[in-house]
Each structure stands twice: as C-alpha cells, then as structure tokens.
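All the letters of the sequence shown, read from the start, carry residue numbers 826 to 1540 under the numbering used here.
In this text, a Cβ means the ideal position worked out from N, Cα and C, and glycines have one as well.
It should be emphasised that the depicted structure is a prediction, and the values quoted were computed from it without experimental measurement.
Report on the structure given below.
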Amino acid sequence: MIHNSITTQRTPHRSARHLLPLLFVCVMFFPTMLPAQVLTSMGTDFWVAIMPCWLDNDVDSYYLSASGPRSCNITIANPNTGWSHTFALSAGGITTYQLPNAHSWQAGSCVVNNMGLHVTSTDSVQLWVDIISQSPASCDATHLLPTTVLGSDYIVQTTDVSNSHTSESRAQFSVLAIEDSTTVDIVLSSPTSTDIPAGTTLTRTLHAGQVFQVQGPRQSGDFSGTSVRARNCKKIAVFSGASSTNMPFSNTTSADLTYQQNLPIGALGTEWLLTPSAWHDTSDYVRITSPYNNCQIYRNSTLLATIDSHQSYQFKLNAPAHIVTSQPVALYQYLDSRHSSGTGSDWGDVAMFAPNTIHQTTQSCTFPCFQVRNRNPYSSKYYVNILVPTDEIALLRLDGSSPVSGFLPILGTPYSYVRKSINHGAHTLTTTGSGFSAYTYGLGENWEAYAMSLGGTDPGIQLTATGRVDITIDTGNCSGSLWWRDTLLVAPSTTQWLSTNTSNGCDSLFTINLSTYPSYSDTLNWAACHDTILWGDTLLSVPGTHTLHYQSAAGCDSMLHLTLTALPHYKLFDTVYIWANDTYTDHQGQQHLVGQEYEDTLLTTMGCDSILHVTVMPYQDTTCIHHLWIPNVFTPSHESNSLFRIPHENITQMEVNIYQRWGEWICTFDGLTQGWDGTQAGIPCKQGTYVYLIQYKTPCLLNPKPIVGTITILR
C-alpha cells in the first residue's frame, strides 16, 4: 500500500495569523511540497456514520450538537432515504438535535447500509455526535471533521476485545463514501465476524451516503492497523471503535462503547502534550498505531518503543507527558474501565478520543456536555482538561468569568494544564492569547463515560503528497489585504492554484479564501436601576451616553456607543381591610393591627427596588369585598382555556400588562372585558412562563393596587 510521504516543518506555537506568512514562504521555496490539509474543526460541510452499541439494536439514541461564532442554519440529510431536517443555531450558542434512528442506525458486519448523514451549514460551525445506549447503559462521543479535512487514505485503530468480560464486545469500523462510485480497498488486520480472515483485501464500491460497516467476532480481535484507501484519490470518512470494550484489555469488570472519527493519514501528527483525566483508578491509556516502518515513540525525551507499519503500542498516562514520534501516527487517548485496578472507583468507564497535537489550538470554543446515561442518571461528573502556554493563563476565560484557577505547570515545557469540574450544559472557553487546547468528558456513577476533543486549527504542517490533497485556507485580517506570491490579494477574494506534481499524478488544489475581519461600531441601549454601573473597569453614570473603545475577537479596533437609561422605581399604596379585633399577617409573617401602617421593599418586574406602603383598615361595608381569581396556566392552541382571563368580583377598573421573564413588555389589556391570546403583535409566543402586572380599583380602593405573578403558556 502506498502512503503519503510527509515532511513537517513547525513554527513557534503562536496564533494562526502569525503562522500563515511562514506557511506561504514554505510553499513558495519548495515547489514539490504542498501545505497539508489545514487541520481545522470548523467547517460548513460534514459527513457522519453512526456505529452500533452493545446489542446492535435500534433503540439507542444519537445526538448531534453544533456550535459556531455566528447565527446560521444547519441541515442534516440522508441522501439515500430522502430525509432531511434544518434547524437554526444562534451566535455563540449550542443546539443539540436527536437524529432519527430510521435514517441513521446501521446494523450488520461486512454489509453496505444507506445510513450515512450529510450535514451542511450556512456558516462555519463545529459538530459533535453522542451515542447513548439505553439498555444496557453505555455511551461515547466524537468530534466531527469537516469534509475539507477528509482524505482517501486511513489507518484504523480499535482495541483488543479478546479479554472483555461481556459477550457483546466487538471491534468495529465504518467507511462512509461522500461521492458516488467510490471504490474502497480495505486490508484487514483481524478476522471479521463473517469469517473473512486477516490479510484479506475487501473491495467495495459505494455511493454518496453509503456506509460499509465491518465488525469482528464477539470477544475476539482488534482491527488496529487495518488500512482503508479509496481509489482515484476520492475522499471518504472513517469511524472506528468497539461496540463494547475494556481498557486495559484485562483485569476489568466493566466495558463501554468507544466511538471516534479517524484522521486521514495526511493529517496525522507527530507531537502532543497529553494530560490524564480525572477520577480514574490508575491512569488513562494512550494507544499509537503507525502507518510507517521504524516509527520511534518518545515520552519526555525517553524512547518507549519502535514499531513498524500497521503495528500498535500502548502505555499508561498517569501524569502529563510530552509525546513525540519520528513518523506521523494515529494516536488516541482512552479513559480506563471502572475497577481496572481493583480499587473500586465508582465513576466513569472506558471512552476514546483523539487529542489535539501540540500545534492544534483555538482561541474560542462553545461546547456541549452530553448527559451521561447510567444506573443513577442524576449522578454524573463533567470535566474539561485545558492546556495553555503558562504565560497566558490569565488570558483564559471559562463561560466569560474571571481567569481560570488551578493550573499546574508541565515540567520541562512552557505549558500548564488544569482539570476543571463543570456542570451539565453548554460552556464557552475563550482566550486573547495565542490559543488553547482542550478536551471534555463526562463520567457516570458506577458506569458509562464519554470523551471528545474540542477541536482547533493546525496550519503549521507541510507535506509532500503521494495522494490527492485538496487544501483550503480560510484567513483574514483587519486590513483585508495580503501579499501572496508577489500578488496583492484584496478581500473578499478566492484564489486557487492547481498542482499535478504529486508522485502518483493526482491533481491537488490549493485554495485561499481571504476575508476582512470586521471592525464594529455598535450602539447598545441598556437600562439600569442604579445611578451608576461598572462596565469592565469603567464607572458609567446613569442616565448618559458613553463611547467605549475595544478590540473585536479578531483584534480589529471597534467602538461601542452605549446609551444608559434609568428604570423606574415605584412607591405603591395599598389598603387592607380586616375585622376590628383581627390581625393581618403580611408575606414575611409579621402581624399588624387595625390602624397600623407599614412599608415593604419589593422588586419591580425589571428588578428595581420599590416601596409598598400598606394601611390596615377596619372592615365596615360588604361593598368593600372584592375577589380576583387569577389562573396560572392557559392553552392558546386549544379550544378550551385558550385565553388568559381574570374572573373578578366587585372590581371597577383593572389594567393587565404582560412581560417576558426578563422584563420585555408584550401587551396591555383591560382585565374587566378582555383577555390575552398568547401572542405578541399577532405572533404566537413560545411555550413557557410569562410575568403579569395587574393594577385594579374597587369601590373602597381608589388607588391602583398592583399584583405581580406568572402565567404559563402550554401548547
């Protein structure tokens, strides 16, 4: 089998905008060399194949999560069944969608399924997929690679399931075609469950969206070292792992699913800084599979092993380690199985992920924490391991808060790392420094775990390609211009060069998309309850108009025009009528007699302190008796209970205002004769809880009396 021959060059570990100029110089002075597929996790086009878990049934659940810096629409489609679904992603947010089993679940070994999914987006996004088995409980997740990173040549890595304690353990991998008439040659390193022996070359021709799935026998085999290559330089996607496996391969009492999208050989790395995960008995494990002969593996400058093509080497990771290999390799990190050391840890299980190389970093990432399904689904732990240059720790933010604490230096390197406990949900990491590398994982109590990389970009690799390499670099700067090969490019522009000098004659296309990073001049209107607010390090007066200077995420000078207005404070008056010998108990439990007055501090619907003045008066006349019956739920989409109405008795005037939970006004209506139909300006409001403010008068109560509460819309 012919592999890509790769020569690597590295620049100092700093941001992509510092690396790109050197990248261009390297291409210019070495005409037989091409930049590697720029290893980036961001893209607008992806392909995904779901792998079976445990019992190989279709009751498992599959979730696709997306994040991106800008609002966009994402479409998931199965090109063979005709199914598709589009959903919206908000800027800087996370959207998770459950994939339908009927269009994504695949079964069987050495069979072709029409269950490949094509994901496209109107803007650059990152994607993750989570597989959850309900019974028995098991899960794992993977970071998806954009189509621009895919290649035609892969080496598979799985685990040895021979000593697994469960009969459902099978090594497995899937090959997904992304264009029609793709012929794939697979050289097996282990027998299949259909009795095809190791060393056999399987050849299949697939169309776009078709998946060829291969499984090993139960409790036997390891497909590590299996080679997968598409003819005619056509791109394919490869996923590997095990339906259930142990880590290490023996002395364990539990097993779990592993699932990971594989990097093509042309995008494999040679250098990593690895950090162990939290809450495991002894350590994580690192497994390396080499596409090349005489590959030397070093840990902290000490030679661990030398392996040849299609061989694998595995070692424990119980402390941070600097890993360097003499050839590009497939390197994956595994969380160990529960009870793997016999100490009885109650958290987590085996999981598999591809850690970033030392040069693959990002400056911003919003990522999900998937629910860990386990015997006690409400007991889970979630973590993120973060690696940054030590001198940039203070520049890192988690969810926009103050600098992240708890970093530990990695001896002999300019880096530090932290294992940070986080809550279930969406989180955001950002830095104004050169970049960070991270992975996240979830641990269930007694069983289950998942782990996945947060992705990044590595623009620093150079390679001489024996196969087709389509390269796309999306870059930009504040000025919107760039010198390239003595040509001044002015954004927006797309420039391409076609190269045919690869050793097997495959055309390779180099594309650079140049854009201008935006400078902003934004106007923000904001209201506050107080006379002053602290904006960053600046104290601003309220009301007032202020101009603030800042830099965008891309470093471009920008301005914010901030107009502050003051929210109203209220002093409201109320009268309470009681019998002469009775007492009135307020909401704080204090008792008051007839003739007494008291004041209470309350919050308005906008959160401002206001004073309620109450006078306790003797009850004298039945005309003063009044009632309001305020419902707490209504259903606008049903025939009954379709309006929010307020039944009343002895009320002479009633005004009702409806607000969103964060104070945005929706509508006002006359509560004596009208109701609310659950719309805002004729547009139906979403299902949820809303705030009402009711002010009314009675024959004995002439000052408006406010009542604040919540009403829930059910649809």
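Contacting residues, own chain, Cβ-Cβ under 6 Å from residue i (five flanking each side not counted)
{"i": "Leu970", "result": "Gln1086"}
{"i": "Ala874", "result": "Gly941, Ser999, Leu1001, Val1036 and Phe1064"}
{"i": "Pro1239", "result": "Pro1214 and Thr1215"}
{"i": "Gly1280", "result": "Ser866, Gln951 and His968"}
{"i": "Thr1019", "result": "Ser934 and Cys935"}
Short Cβ contact (8 Å threshold) for residue i with residue j
{"i": "Thr973", "j": "Thr1297", "result": "yes"}
{"i": "Gly1260", "j": "Thr1182", "result": "no"}
{"i": "Ser1377", "j": "Tyr1342", "result": "yes"}
{"i": "Ser987", "j": "Gln1040", "result": "no"}
{"i": "Ser1318", "j": "Leu1339", "result": "yes"}
{"i": "Ala891", "j": "Leu924", "result": "no"}
{"i": "Leu889", "j": "Asp965", "result": "no"}
{"i": "Cys1510", "j": "Ile1538", "result": "yes"}
{"i": "Ile876", "j": "Gly1066", "result": "In the sequence as presented, Ile is not what sits at residue 876; that position holds Met. In this structure, Gly1066 lies closer than 8 Å to Met876 by Cβ."}
{"i": "Ser1069", "j": "Ser1115", "result": "no"}
{"i": "Pro1193", "j": "Trp872", "result": "no"}
CA-to-CA distance, residue j to residue i, given in whole angstroms
{"i": "Cys878", "j": "Thr921", "result": "20 Å"}
{"i": "Thr1127", "j": "Cys1120", "result": "14 Å"}
{"i": "Ser1383", "j": "Thr1257", "result": "16 Å"}
{"i": "Ser1189", "j": "Asp1495", "result": "49 Å"}
{"i": "Pro1531", "j": "Thr1410", "result": "18 Å"}
{"i": "Val1516", "j": "Ser1049", "result": "59 Å"}
{"i": "Ile1508", "j": "Ile1358", "result": "35 Å"}
{"i": "Asn1057", "j": "Gln1038", "result": "21 Å"}
{"i": "Thr1282", "j": "Met867", "result": "8 Å"}
{"i": "Val1149", "j": "Trp1097", "result": "7 Å"}
{"i": "Ala902", "j": "Val1111", "result": "35 Å"}
{"i": "Arg1540", "j": "Ala1506", "result": "18 Å"}
{"i": "Gly918", "j": "Gly893", "result": "7 Å"}
{"i": "Ser1246", "j": "Asp1133", "result": "39 Å"}
{"i": "Ile1541", "j": "Cys1492", "result": "Only positions 826 to 1540 of the chain appear in the structure, and residue 1541 is not among them; the question remains open."}
{"i": "His1355", "j": "Gly1488", "result": "16 Å"}
{"i": "Thr1008", "j": "Thr1026", "result": "12 Å"}
{"i": "Ile1122", "j": "His1135", "result": "14 Å"}
{"i": "Asn1326", "j": "Thr1300", "result": "With a pLDDT of 46 at Asn1326, under the threshold of 50, the modelled position of that residue is not reliable, and the figure given next carries that caveat. Near 25 Å, if we compare the C-alpha coordinates of Thr1300 and Asn1326."}
{"i": "Pro856", "j": "Leu1314", "result": "Low confidence applies here, because Pro856 scores a pLDDT of 30, under 50, leaving its location unreliable; read the following figure in that light. Going from the Cα of Pro856 to the Cα of Leu1314 covers about 21 Å."}
{"i": "Asn1143", "j": "Ser1108", "result": "4 Å"}
{"i": "Gln1416", "j": "Thr1408", "result": "6 Å"}
{"i": "Gly1231", "j": "Arg1244", "result": "8 Å"}
{"i": "Ile1455", "j": "Gln1499", "result": "14 Å"}
{"i": "Ser1435", "j": "Pro1101", "result": "53 Å"}
{"i": "Tyr1521", "j": "Glu1480", "result": "6 Å"}
{"i": "Glu1464", "j": "Gln1485", "result": "24 Å"}
{"i": "Val1439", "j": "Thr1400", "result": "6 Å"}
{"i": "Thr906", "j": "Lys1060", "result": "22 Å"}
{"i": "Val1533", "j": "Leu1518", "result": "5 Å"}
{"i": "Ile1337", "j": "Asn1302", "result": "13 Å"}
Residues near residue i in its chain [Cβ-Cβ closer than 7 Å; skip 5 each side]
{"i": "Val850", "result": "Its pLDDT being 29, under 50, Val850 is placed unreliably by the model, and nothing is read from it."}
{"i": "His1451", "result": "Glu1474, Asn1475, Ile1476 and Thr1523"}
{"i": "Ala1146", "result": "Leu1099, Arg1124 and Asn1125"}
{"i": "Trp870", "result": "Looking at the sequence provided, one finds Asp at residue 870 rather than Trp. Result list for Asp870: Thr945, Pro971 and Thr972, in chain order."}
{"i": "Ala1179", "result": "Gln1085, Leu1088, Tyr1157 and Ser1278"}
{"i": "Thr1504", "result": "Cys1510"}
{"i": "Glu1004", "result": "Ala1033 and Lys1059"}
Sequence-distant residues of its chain with Cβ nearer than 8 Å to residue i (five each side left out)
{"i": "Leu1221", "result": "Ile1211, Val1213, Pro1228, Val1229, Leu1254, Thr1255, Thr1256, Gly1258 and Phe1261"}
{"i": "Trp1352", "result": "In the sequence as presented, Trp is not what sits at residue 1352; that position holds Ala. Only Leu1389, Thr1390, Ala1391, Leu1392 and Met1431 meet the Cβ criterion."}
{"i": "Tyr1275", "result": "Asp955, Cys964, Asp965, Ala966, Ala1176, Phe1195, Val1197, Tyr1266 and Gly1267"}
{"i": "Ser1304", "result": "Thr1341"}
Beta-ladder partner(s) of residue i, from DSSP
{"i": "Leu1141", "result": "At residue 1141 the sequence reads Lys, which differs from the Leu that was named. Its beta-bridge partners are Tyr1110."}
{"i": "Ile899", "result": "Phe912 and Ser946"}
{"i": "Pro925", "result": "DSSP output for Pro925 lists no bridge partner at all."}
{"i": "Val986", "result": "In the DSSP output, where bridge partners are listed per residue, Val986 has none listed."}
{"i": "Leu1156", "result": "Ile1113"}
{"i": "Phe871", "result": "Val944 and Pro971"}
{"i": "Cys935", "result": "Cys935 is not bridged to any residue."}
Heavy atom of the ligand PLP within 7 Å of residue i beta-carbon
{"i": "Asp1356", "result": "Ligands in the displayed structure: none, and consequently the ligand PLP is not present."}
Option in the options with minimal Cα separation from residue i
{"i": "Gly1513", "options": "Ser1006, Thr1535 and Gln1520", "result": "Thr1535"}
{"i": "Ala1080", "options": "Gly1269, Gly1361 and Glu1004", "result": "Gly1269"}
{"i": "Ile1113", "options": "Ile1090, Ala1062 and Phe1140", "result": "Phe1140"}
{"i": "Ser1162", "options": "Ser1151, Ala996 and Met1177", "result": "Met1177"}
{"i": "Asn938", "options": "Cys1194, His1032 and Asn1071", "result": "His1032"}
{"i": "Gln1152", "options": "Asn1118, Tyr1159 and Gly1250", "result": "Asn1118"}
{"i": "Ser886", "options": "Trp930, Pro1193 and Pro1234", "result": "Trp930"}
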